[in-house]
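**Student:** Protein chains in written order, with our numbering: chain A, 1 to 106; chain B, 1001 to 1106. Glycine is no exception: its CB is placed at the ideal position from the N, C-alpha and C atoms.
2 protein chains.
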Amino acid sequence: MLTDEYRYKILKELQQDPDISQRELAKRLDISLGKVNFCLKALIEKGLIKAENFKNSTNKMGYLYLLTPKGIEEKVSLTQRFLQRKLKEHEALEKEIEQLRQEVKT
Amino acid sequence: MLTDEYRYKILKELQQDPDISQRELAKRLDISLGKVNFCLKALIEKGLIKAENFKNSTNKMGYLYLLTPKGIEEKVSLTQRFLQRKLKEHEALEKEIEQLRQEVKT
DNA sequence: TATTATCGTTCACCAATTGAACGCAGCATA
DNA sequence: TATGCTGCGTTCAATTGGTGAACGATAATA
């Protein structure tokens, strides 16, 4: 399934590196090739990216995954939501760490 | 599967509340009853806890899940490892937040 | 005794994920 | 030209992980 997390991560990777293979993307995000393929299809389906045929200078022949205007919008929105989420996680983590420190003392 | 995270969380709950039902444990850890049952079995298998028959004052008839000496040791070790892990996560999170802030600016 | 409530256990079912296998395209070498 | 190699996207059978309804057992209660 395509969670917010992977939607964000994939859009981010593609934005800064549109010519990237699905295999490479899988490595970077530490997920399987199948999942990458599935997520990309979903993103195309939603109109957030489009895949253009593309011949690399080397022996590659693949796609260029470009963010559509809608994709760019979505990515901004996701980034903001992500920041908020991470701030909450940060706060929770500090409490957890404090609790662990207390526990280690015992 | 029994991850470090759940090994830690379960040992912690059991230590401070040995008479607890699997259902209650499932609620607290927000996992299914089946998973709790599976994890408890695994912990018993590893000799980290033992289940003693136990008659509650109320109408309950269940087990008392007691940490073995080995279980207590393991829990201390897990706690320390967990603290270390959380400190790393904390650091990573701060970087991520900083990065997100930069990104939001753009 | 019959009923109710809670216990641990089980397991068929579902959803998510994996990665080997495939066909295709481009390049390099014989 | 033909052959082999590499990397591409795509597919899908197989595995894994998680779920919770259902079950039998036990103890309190009516």
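Report the neighbours of Glu89/A on chain B: residues whose CB is nearer than 7 Å to its CB, in chain order.
**Tutor:** Within the first sequence, residue 89/A is the residue found at index 89, counting from 1. Those within 7 Å of Glu89/A in chain B are Leu1093.
**Student:** Out of curiosity, what's the CA-to-CA distance linking Arg1081/B and Lys88/A?
**Tutor:** Stepping through the second sequence from its first residue, residue 1081/B is reached at position 81. Stepping through the first sequence from its first residue, residue 88/A is reached at position 88. Distance between the alpha carbons of Arg1081/B and Lys88/A: 23 Å.
**Student:** According to the Cβ coordinates, are Leu1083/B and Phe1038/B closer than 9 Å?
**Tutor:** Here the question's residue 1083/B lines up with position 83 in the second sequence. Here the question's residue 1038/B lines up with position 38 in the second sequence. Result no, Cβ atoms of Leu1083/B and Phe1038/B do not sit closer than 9 Å.
**Student:** Scan the segment 5–27 of chain A for residues whose Cβ lies nearer than 7 Å to a Cβ of chain B and list them as they occur along the chain.
**Tutor:** none
**Student:** Of the residues Gly1071/B, Lys1055/B and Val1076/B, which one's Cα is nearest the Cα of Glu1045/B?
**Tutor:** Translated into the one-based positions of the second sequence, residue 1045/B becomes position 45. That would be Gly1071/B, whose Cα lies nearest to the Cα of Glu1045/B.
**Student:** Got a sec? Which residues, its chain only, sit under 6 Å from Leu1043/B by beta carbon, not counting five neighbours each side?
**Tutor:** For the purposes of this step, residue 1043/B is taken as residue 43 along the second sequence, with counting starting at 1. Contacts found: Ile1049.
**Student:** On the three-state DSSP scale, how would you describe Lys55/A?
**Tutor:** For the purposes of this step, residue 55/A is taken as the residue at position 55 of the first sequence. In this structure, Lys55/A counts as strand in the three-state DSSP scheme.
**Student:** If Arg7/A sits next to Leu78/A, beta carbons under 8 Å apart, how far is it from one beta carbon to the other, in whole angstroms?
**Tutor:** The sequence position of residue 7/A within the first sequence is 7, counting from 1. The sequence position of residue 78/A within the first sequence is 78, counting from 1. Yes, Arg7/A and Leu78/A are in contact; Cβ-Cβ is about 6 Å, under 8 Å.
**Student:** Which residues mark the beginning and the end of the beta strand (DSSP E) in which Gly1047/B is found?
**Tutor:** For the purposes of this step, residue 1047/B is taken as residue 47 along the second sequence, with counting starting at 1. Taken as a continuous stretch (DSSP letters only), Gly1047/B belongs to no beta strand (DSSP E), as it is neither H nor E.
**Student:** Would Leu40/A and Gln22/A be called neighbours here (beta carbons separated by less than 9 Å)?
**Tutor:** Reading the first sequence from its first residue, position 40 is the one you call residue 40/A. Reading the first sequence from its first residue, position 22 is the one you call residue 22/A. Closer than 9 Å, so yes.
**Student:** Any Cβ of chain A within less than 9 Å of the Cβ of Ile1097/B?
**Tutor:** Position 97 of the second sequence holds residue 1097/B. With a threshold of 9 Å between beta carbons, Ile1097/B makes contact with chain A.
**Student:** Leaving out five residues before and five after Tyr63/A in sequence, what residues of the same chain have Cβ atoms less than 7 Å from its Cβ?
**Tutor:** In the first sequence, counting from the first residue as 1, residue 63/A sits at position 63. Contacts found: Ala51, Glu52, Asn53 and Phe54.
**Student:** Determine the DSSP secondary structure at Leu64/A, reduced to helix, strand or coil.
**Tutor:** The sequence position of residue 64/A within the first sequence is 64, counting from 1. Strand at Leu64/A.
**Student:** Quick check: the Cα distance between Asp30/A and Glu24/A, rounded to an integer number of angstroms?
**Tutor:** Position 30 of the first sequence, counted from the start, is the residue given in the question as residue 30/A. Position 24 of the first sequence, counted from the start, is the residue given in the question as residue 24/A. Distance between the alpha carbons of Asp30/A and Glu24/A: 10 Å.
**Student:** Which first and last residues belong to the alpha helix (DSSP H) in which Ile31/A is found?
**Tutor:** Taking the first sequence and counting its residues from 1, the one referred to as residue 31/A is at position 31. Counting along the chain, Ile31/A falls outside any alpha helix (DSSP H), and DSSP gives it neither H nor E.
**Student:** By DSSP, does Ile1020/B sit in helix, in strand, or in coil?
**Tutor:** As a working note, residue 1020/B is residue 20 in the second sequence. Coil, per DSSP.
**Student:** Glu96/A and Lys1027/B - do their beta-carbons sit closer together than 9 Å?
**Tutor:** In the second sequence, counting from the first residue as 1, residue 1027/B sits at position 27. In the first sequence, counting from the first residue as 1, residue 96/A sits at position 96. No, these two residues do not count as a Cβ contact at 9 Å.
**Student:** Could you check what DSSP says for Leu1011/B in three-state terms: helix, strand or coil?
**Tutor:** Locating residue 1011/B in the second sequence gives position 11, where the first residue counts as 1. Leu1011/B: helix per DSSP, three-state reduction.
**Student:** So that I know if they touch, is there some Cβ in chain B lying closer than 9 Å to that of Thr79/A?
**Tutor:** For the purposes of this step, residue 79/A is taken as the residue at position 79 of the first sequence. It does: the Cβ of Thr79/A has a partner Cβ on chain B nearer than 9 Å.
**Student:** Please report whether the beta-carbon of Leu1133/B lies at a distance below 9 Å from any beta-carbon of chain A.
**Tutor:** Because chain B here runs from 1001 to 1106, residue 1133/B falls outside it and cannot be looked at.
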